[in-house]
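Q: Residue numbers (the working numbering), protein chains in the order written: chain A, 315 to 615; chain B, 688 to 1030; chain C, 4 to 311; chain D, 341 to 884.
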Amino acid sequence: MSDANLITVAEAPDVSGRSRSLAGDAWADLRRNKIFWISAVLVVVILLMAFVPSLFTSADPGACALSNKHKGPSGGAIFGYDFQGCDVFARTIYGTRASIEVGILSTLMAGLLGLIFGLSAGYFGGTTDAVLSRVTDIMLGVPFLLGAVVFSGRLSGSEDDGVWAVTLTLGVLTWTSAARVMRSSVIAVKSQDYVAAGRMLGASPGRLMFRHILPNSMASFIVVLTILLGTNIAAEATLSYLGVGLKGDAVSWGLQIAEAQDYARIAAHPLIWPSVFLAATVLAFIMLGDAIRDAFDPKLR
Amino acid sequence: MTDIKATMDALPGLDHRAPLLQIDDLHVEFRTRDGVAKAVNGASFWLSPGETLAILGESGCGKSVTAQAIMGILESPPGHITAGEIRYRGVDLLKLPEVQRRKVRANRIAMIFQDALSALNPVYTVGFQLAELFRVHRGMSRSDARNRAVDLLDQVKIPGARSRVNDYPHQFSGGMRQRVMIAMALALDPEVLIADEPTTALDVTVQAQIMGLLAELQRQRNMGLILITHDMGVVADVADRISVMYAGRVVEEAPVHDIYARPGHPYTRALLESIPRLDLKGRQLNVIRGLPPALTDIPRGCAFNPRCRYAKDPCRQDPAPPAYAIAPHRTARCHFFREVLGE
Amino acid sequence: MFRYIVRRLLQMILTFFGATFVVFALMFANQDDPIQALVGEKQASDSLRAALTERYHLDEGFLTQYWYYMKGLLTGDLGKSLTGRDISEMLADAWPVTIRLALLAVLIAAAIAVTTGVYAGIRRGGLFDNGTLLMTLLLLAMPIVVLAPLAQLVFAMELRWFPATTTKDATPYELLLPAIVLATTVIATQLRVTRTSVVENLRADYVRTARAKGLAPRRVTWVHVLRNSLIPVITLIGVDLGVLMSGAIVTEEVFNIPGVGFNLARGIRTEDGPLVVGFVSVLVIIFLVVNLAVDLLYAALDPRIRYE
Amino acid sequence: MPGIRPWKMAAGAAAISLLVAGCGGGDSDDASANSNTIVIGISEPEHLLPTNATDDSGSQVLSSLFYPLVEFNAQQEPVEVAAASITPDKANRVWTIKLKPGFTFHNGEPVTAQNYIDAWNYGAYGPNAQTGGYFFERIDGYADLNPLDPDKDGPQKPPAPKADTLSGLEKVNDLTFTVKLSAPFSSFKSVLGYSVFHPLPKAAFSKPGVIAEGFEDQIIGNGPFKLKGKWEHDNEVVVEKVSDFKGQVPKIDGITWKIYQDDQTQYADLVSGNVDVQMSIPIEALSKASADLGTRFQMSENSGFDFIGFPTYEKDFAKPEVRKAISMAINREEISDQIFLGSRVPAKSFVSPVVRGYRENICGEACEYNPKKAKDLYDKNGGPSEIKITYNVDGGHKAWVDATCNQIKASLGVNCTGSPEPKFSVLQQKARAHEPIGLIRLGWIMDYPLMENYLGPLYSTNGSSNHYGWSNSTFDQLIKQGSQAHTPQAAIKKWQQAEDILVQEMPVIPLRFMQNVYGYSEKVQNVQMDLFKKVDLYEIETIA
């Protein structure tokens, strides 16, 4: 190699020649994604049910007469009646709100706590990691039931319907899994070349954390959160079963399911309908989460 | 080993007199949500035993895709081979059932990848990954396979091979890792070795060592070597012939000295002119104008026409220029090759 | 490595005290009237109240009670429950069946989650992938309070495939139905994480190398991709083992298994502080040991990780 | 180390642990398969020491291990069983108890008067903290064993007891002892039927007044069955027939008291034939019970009584008219039929029909469902626009509370909500602290078959289960007079007068009387349950 011509032909990074922003790209991707549209429409419908239930039914979910007990579908009540003689359809529609509120808010809270704990533990490592990981361990050691009984019991005022108490309880008790997943992703991402490059270019820790590490650690985290959303909506039922759930005349899918479960052998319809709504909701959110994650993840393109 | 080669000869249609490797009019496209990307559009070349063919071109010109198509490891979907033939000793590999195709890999045609760190499995020792070849393809016992792995590491000149065989990829330096890759590729004595930018990730002195090693091993084994690179410096030193690819086509094919002396295609010419040269020190470097085309939207006619200073109307019309035989063993796909050669 | 283990063990001791302290504090906060809880719906008499208060230091402050408890614990005395039974004896009765149940559940969950997760990952976006997604969601959306009795109703009472209840001496077969029910609570997460991890690893360069080596797809998946994909899953399985031991409350009740979850639930219901803290202490120890084991296994699975 | 080994090791370890797990479980013994023994489902007994076993399951197990002093005939009158005679003095204050000779404990010790005295002293002694201790409060000297806390829950501790034995108990000879009461009580003989009055053998005590370590798990009684092995907590208590029992001999050879944590679970086992008798079938299973069990599904009356208490200390519920109006807004029959499927009977009196002196429908109009009249009365007296019924979720009350609320809503046009509390103790505590928890769900099961056992604890000012704060001095007076009356008949008169006051005042809404709702397998017959929710162990037999 006498003439030592080692300089190479200029590399052109963008094969496709497009130059849109990441968000623009993601949107272009999503727009063509059928799953995204299906789940987005479902989510919108669910949110409408949650906040404007009167759009869907004119019946009063609290009007129940024992004489209608376990009757099948009839004129007004297309899903039939439950054990107390309440209109299952009306209760399912009106139950959306509490379920959705509890599910979304508690997942957001768990996600936020998990993000803060996981990101700091993973990013700073060392003593911070040791301390935060130990706190996570301690939280994991507290039995769910004990935590639920104590937190819900202490948090709920006697007058409200308990949505906030249930939300806080679930948030406090479920963030640990999100934190652990976040931590291990951050540790994995931290050692990647582009982070080292960013550091060498003098990026501030904040910039490194939020521009480089965080976006690349989100994949598993989002998966865990979407699942958490589903389990938290369902967990509301478990709390009700333990007597520390929603109170008073609150209506929710969890309460409906827990109640109808006792009579599954006699009348299945009061159990099936709220379960179907619950499953559809969880499915819609998980599909939406998957679609958005796929759209934003450059590795998947 | 010979007996195993003998069973391998059961490959139907195998003809020892046929060319070692011949690619004919290969077309590959990627069907993605963003449209169909035509990565390879009629690539043709051949390779003889003991010969080094360099495939040269910018990123995205279809070099690596061609290599993967030859290996049969194209990700599919989205990749699809839509037309063409890949003949190994007369056998069209594309028509082979997958089970036999698999036996060709590593046994007859092997490949070295660019980034050895990511190309090696991080959770297994290099010994395991080498021995795996012997265990799967040769059915050797665990200890025999391991001994062969140590031999191989010796052959690629890794110091202390016997102890390093139990190390994990991340415990090797970049150059040593690439030697492991070479050892892996050579393990089953293939007749064709495809090296996809084997030295790009390495620093200059190590590059030279690796290229030297490759050349040496090639000589010993009389292998055909396809060297994929965008580095004209490397090419000049080791290649016998060069195929220049642009937008999925071989635009010029020629023995290495001819091409350096008198390029026959404007693109080749532009590539050569963009190399800084000592004797031209102080003058402005000629950089190729524009960017390679999007593979979803290749220009009509000659794909290079928007960037070409020779381009005239015929270049912008379909069909694309044919491969003009401009000299013995030499072709160029340019209507105006005479002007190019003449300069 | 050795230093790492020692350091972790030291941290475990801290965590252990932290966790027992937190649980003790929670129990203390939750204590309304344990004596009344013990007596039931009839009114506890003054003398009964006075005697029990004295015996269990119920009128002492929180720190004093914690001190009494810790003193006992360090001398190997876990104390007596409010019903007068030795807690160490109750632990010995309850743990074996719960450990067997949780292990069985984790094995079932991991076996199903890993195999299905890998196949779903390979056929990403296909019918199998979407089918499993739907199935896991249906399970996910079913609270365990519904799932357990329904499983008992369908598989034990109607189909008679399994016994409806078991005891603490249950055989693995008798534990199968409760273990499956328990497994469903963690299968969804494990499966999804496996799937995501497999999808990511399938795109890795070493997979291309493995294929270039002429390996069969099955070997590429189960030898090369799987081991890399398992790393995040293993962490999850470790956590789940701990979760399942304390989380079997409903399942243990429905299938009449007098294990840890049942005892914990009873202890919490009857405000039996010593009982709950005793069980949680052991739970925390097991949890920490499992975690350490998971971290060490992590290093075994991923040689790039080194502990020092 | 070769690359693959750690993972294989892990897999191997898991497999081994599964194997070990597999070896852990043994088959339960199948001895009962074709023998003359039966399996009865219970909950985990809280205790088996008689003076501490006040729960249903504990006293049910004790009924097999012990032979009581008295039992009750069909008229709910006490009849001597282990006792030869129980006779009062003229003033009904000193009772002489003579025992039948020849009875022994399971360890061979003869049963003597001293065994009763020791057991009762132990139960009554405050520091022993026996939950059944209050049964001895009528016996002279009880106060000395149980000094009152001078400031209730305050910082001061109660003084140490002045004595450790009841001064009212006196041994006459080996088979005779006397009981002196602190006040005359004509119906004391009825009280003696409860399980706290069982004797304990000498072997029970390691030294006087101290129960031997581990005795409770291997309890020794004087009854027709003896413990086989130990009490296996949370699993089972197995008892077998005593070979030469002197008293009434049961027809079965042994009982396995199988411990369940959940009624629905137990029902699953009853249907699958793994348990022979279930003593309380949960209401969720009732509608299928006839189909599942046919005539093996049975009901019989017991002493349970469901009611709702008013917070009479609150202005909203101070007027009896408001309380009556709410009572009239409730359709008891509909709830009994629809929620309880007939397993509970509408209650229109303040004591259970199982006690002598019960008068049917004493409540009259106030307990009749009449929504129109209820609304008029309610509106005229300014009843509150919000009604809350607080209940404890651990007792399965949600269904009927919700249904009751729905009826109140529909009848009175006010809002009514059921408000759950996790445990009864929380509910009780809030009620006692006069927190605004609204109406309170309550229930009662008698200790002994007397009207007084309802009226005293539930409605008198210091009644142990008067959680709702109603107080009426005339009523208190009548209860006391009844207890001290010379004959049971005279006592009933006074107590009925007291009940009349309740009718006028309506401090609670009587809702339902409970029944034993039980079922049994094809293996057994002659299954009967008594007022105390116990299976008659002398009548039950297996089908050969």
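We treat Cβ as the ideally placed atom computed from N, Cα and C, and that holds for glycine.
Have a look at I115 of chain C and L194 of chain C and give me their C-alpha separation to the nearest angstrom.
A: In the third sequence, residue 115 of chain C corresponds to position 112, counting from 1. In the third sequence, residue 194 of chain C corresponds to position 191, counting from 1. Cα to Cα, I115 of chain C sits roughly 8 Å from L194 of chain C.
Q: Contact between the segment 897 to 905 of chain B and the segment 715 to 733 of chain B is defined here as three or more beta-carbon pairs at a separation below 8 Å; is this criterion met?
A: No contact exists between the segment 897 to 905 of chain B and the segment 715 to 733 of chain B.
Q: Beta-carbon within less than 6 Å of A1014 of chain B's beta-carbon, same chain only, minus the 5 sequence neighbours each way: which residues are those?
A: Your numbering for residue 1014 of chain B matches position 327 in the second sequence. Same-chain partners within the cutoff: there are none.
Q: In the DSSP output, what is G859 of chain D paired with across the bridge?
A: Here residue 859 of chain D corresponds to residue number 519 of the fourth sequence, with the count starting at 1. Bridge partners of G859 of chain D: D:Q618, D:F637.
Q: Report the rounded CA-to-CA distance for P736 of chain B versus I8 of chain C, giving the unit in angstroms.
A: Looking up residue 736 of chain B in the second sequence gives position 49. Looking up residue 8 of chain C in the third sequence gives position 5. Looking at the two C-alpha atoms, the distance is approximately 57 Å.
Q: Compare the Cα-Cα distances from Y607 of chain D to each of C:A159, C:A123, C:T212, C:L130 and report the closest residue.
A: To locate residue 607 of chain D, count along the fourth sequence from 1; it is residue 267. It is C:A159 whose Cα lies nearest to the Cα of Y607 of chain D.
Q: Around the Cβ of R346 of chain A, are there at least 16 other Cβ atoms within 10 angstroms (buried) or fewer (exposed)?
A: In the first sequence, the residue the question calls residue 346 of chain A occupies position 32. When all chains shown are included, R346 of chain A counts as exposed.
Q: Below 8 Å on C-beta distance, what does Y209 of chain C contact in chain B?
A: Taking the third sequence and counting its residues from 1, the one referred to as residue 209 of chain C is at position 206. Ordered by position in chain B, the residues that pass the 8 Å Cβ test against Y209 of chain C are S805, A806, L807, N808, P809.
Q: Quick check: is the beta carbon of K763 of chain D nearer than 8 Å to any beta carbon in chain C?
A: Locating residue 763 of chain D in the fourth sequence gives position 423, counting from the first residue. Output row for K763 of chain D: interface = yes.
Q: By DSSP, does Y731 of chain D sit in helix, in strand, or in coil?
A: Residue mapping note: residue 731 of chain D aligns to position 391 of the fourth sequence, counting from 1. Residue state, collapsed to three classes: strand.
Q: Whose Cβ in chain B lies nearer than 8 Å to the Cβ of D305 of chain C?
A: Residue mapping note: residue 305 of chain C aligns to position 302 of the third sequence, counting from 1. Those are P809, V810, listed as they occur along chain B.
Q: Could you tell me which of D:Y465, D:D616, D:S765, D:K833 sits nearest to I38 of chain C, measuring between CA atoms?
A: For this step, residue 38 of chain C is matched to residue 35 along the third sequence. Taking only the C-alpha atoms, the option nearest I38 of chain C is D:S765.
Q: DSSP three-state label for N513 of chain D, please.
A: Taking the fourth sequence and counting its residues from 1, one reaches residue 513 of chain D at position 173. It is a strand residue.
Q: Checking 8 Å against the spacing of the C-beta atoms, do M496 of chain A and G428 of chain A come in under that value?
A: Here residue 496 of chain A refers to the residue found at position 182 of the first sequence. Here residue 428 of chain A refers to the residue found at position 114 of the first sequence. Yes. Within cutoff.
Q: Determine, using beta carbons only, whether C1002 of chain B and H952 of chain B come nearer to each other than 8 Å.
A: In the second sequence, residue 1002 of chain B corresponds to position 315, counting from 1. In the second sequence, residue 952 of chain B corresponds to position 265, counting from 1. Contact flag unset, no.
Q: At a cut of 8 Å, does the segment 206 to 218 of chain C reach the segment 259 to 268 of chain C through at least three beta carbon pairs?
A: Flag = no, the segment 206 to 218 of chain C and the segment 259 to 268 of chain C do not touch.
Q: Examine chain A for any beta-carbon lying closer than 8 Å to the beta-carbon of F158 of chain C, and answer yes or no.
A: On the third sequence, residue 158 of chain C is found 155 positions in, with the first residue counted as 1. Answer no: the Cβ-Cβ gap between F158 of chain C and chain A never drops below 8 Å.
Q: Taking 8 Å as the cut-off, decide whether the C-beta atoms of P993 of chain B and P986 of chain B are in contact.
A: Indexing the second sequence from 1 puts residue 993 of chain B at position 306. Indexing the second sequence from 1 puts residue 986 of chain B at position 299. Yes; because the gap between Cβ atoms is below 8 Å, this pair is in contact.
Q: Taking 7 Å as the limit between beta carbons, can you name the residues of its chain near G442 of chain D, skipping five residues before and five after?
A: Position 102 of the fourth sequence, counted from the first residue, corresponds to residue 442 of chain D. Result list for G442 of chain D: K586, in chain order.
Q: Can you find the residues in the same chain that come closer than 7 Å, C-beta to C-beta, to F393 of chain A, ignoring five residues on each side of it along the sequence?
A: As a position in the first sequence, residue 393 of chain A is number 79, starting the count at 1. Once the five neighbours on either side are set aside, the close Cβ partners of F393 of chain A are P387, V402, F403, T406, H583, W587.
Q: Taking only beta-carbon positions, decide if S491 of chain A is within less than 8 Å of chain E.
A: The structure shown contains no chain E; its protein chains are A, B, C and D.
Q: Give the secondary structure of W644 of chain A by DSSP, where H, G and I count as helix, E and B as strand, and everything else as coil.
A: Absent from the model: residue 644 of chain A. The displayed extent of chain A is 315 to 615, so no value can be given.
Q: In its own chain, which residues sit with a C-beta less than 6 Å from the C-beta of G366 of chain D, not counting the 5 before and 5 after it?
A: As a working note, residue 366 of chain D is residue 26 in the fourth sequence. Unreliable positioning characterises G366 of chain D in this predicted model, as indicated by a pLDDT of 37, which lies under 50. A coordinate reading is not provided.
Q: For A112 of chain C and chain A, any beta-carbon pair shorter than 8 Å?
A: For the purposes of this step, residue 112 of chain C is identified with residue 109 of the third sequence, where counting begins at 1. No, A112 of chain C does not count as interfacial toward chain A.
Q: Are V236 of chain C and V109 of chain C close, meaning C-beta to C-beta below 8 Å?
A: By 1-based counting over the third sequence, the position of residue 236 of chain C is 233. By 1-based counting over the third sequence, the position of residue 109 of chain C is 106. No, Cβ-Cβ distance for V236 of chain C and V109 of chain C is not below 8 Å.
Q: Say whether the segment 565 to 582 of chain A touches the segment 539 to 550 of chain A, bearing in mind that this needs 3 or more beta-carbon pairs closer than 8 Å, one atom from each stretch.
A: Taking 8 Å as the limit for Cβ pairs, the verdict is that the segment 539 to 550 of chain A does touch the segment 565 to 582 of chain A.
Q: Cβ closer than 7 Å: which chain A residues qualify as neighbours of L299 of chain C?
A: Translated into the one-based positions of the third sequence, residue 299 of chain C becomes position 296. Chain A residues near L299 of chain C: none, gap ~15 Å exceeds 7 Å.
Q: In this structure, how does DSSP classify T882 of chain D when only helix, strand and coil are distinguished?
A: Mapped onto the fourth sequence, residue 882 of chain D falls at position 542. Strand, per DSSP.
Q: Given that L460 of chain A touches chain C, what residues does it touch there, using C-beta distances under 8 Å?
A: Taking the first residue of the first sequence as position 1, residue 460 of chain A is located at position 146. The answer, in chain order, is V26, L29, M30, N33, L267, I271, V279, V283.
Q: Compile a chain-ordered list of the residues in the segment 662 to 693 of chain D whose CB is closer than 9 Å to at least one CB of chain A.
A: Cβ contacts with chain A: N671, E674, I675, D677, Q678, I679.
Q: Tell me the residue span of the beta strand (DSSP E) that contains F412 of chain D.
A: Taking the fourth sequence and counting its residues from 1, one reaches residue 412 of chain D at position 72. Residues 410 to 412.
Q: Determine the direct distance from the alpha carbon of L804 of chain B to that of G861 of chain B, and round the result to whole angstroms.
A: In the second sequence, counting from the first residue as 1, residue 861 of chain B sits at position 174. In the second sequence, counting from the first residue as 1, residue 804 of chain B sits at position 117. Approximately 8 Å, taken between the alpha carbons.
Q: Please go through the same chain and pick out, in chain order, the residues whose beta-carbon is closer than 6 Å to the beta-carbon of Q868 of chain D, but skip the five residues on each side of it.
A: As a position in the fourth sequence, residue 868 of chain D is number 528, starting the count at 1. Correct list, in chain order: D876, E879.
Q: Check whether the segment 616 to 634 of chain D touches the segment 688 to 705 of chain D, taking contact to mean three or more Cβ pairs, one atom from each stretch, closer than 8 Å.
A: Flag = no, the segment 616 to 634 of chain D and the segment 688 to 705 of chain D do not touch.
Q: Given this structure, state the Cα-to-Cα distance separating R532 of chain A from S499 of chain A, to the nearest angstrom.
A: Against the first sequence, residue 532 of chain A aligns to sequence position 218. Against the first sequence, residue 499 of chain A aligns to sequence position 185. The question names Arg, but residue 532 of chain A is Met in the sequence shown. In a straight line, the C-alpha of M532 of chain A is about 8 Å away from that of S499 of chain A.
Q: What residues are listed by DSSP as bridge partners for N455 of chain D?
A: Position 115 of the fourth sequence, counted from the start, is the residue given in the question as residue 455 of chain D. Note: N455 of chain D sits in no beta bridge, so no partner.
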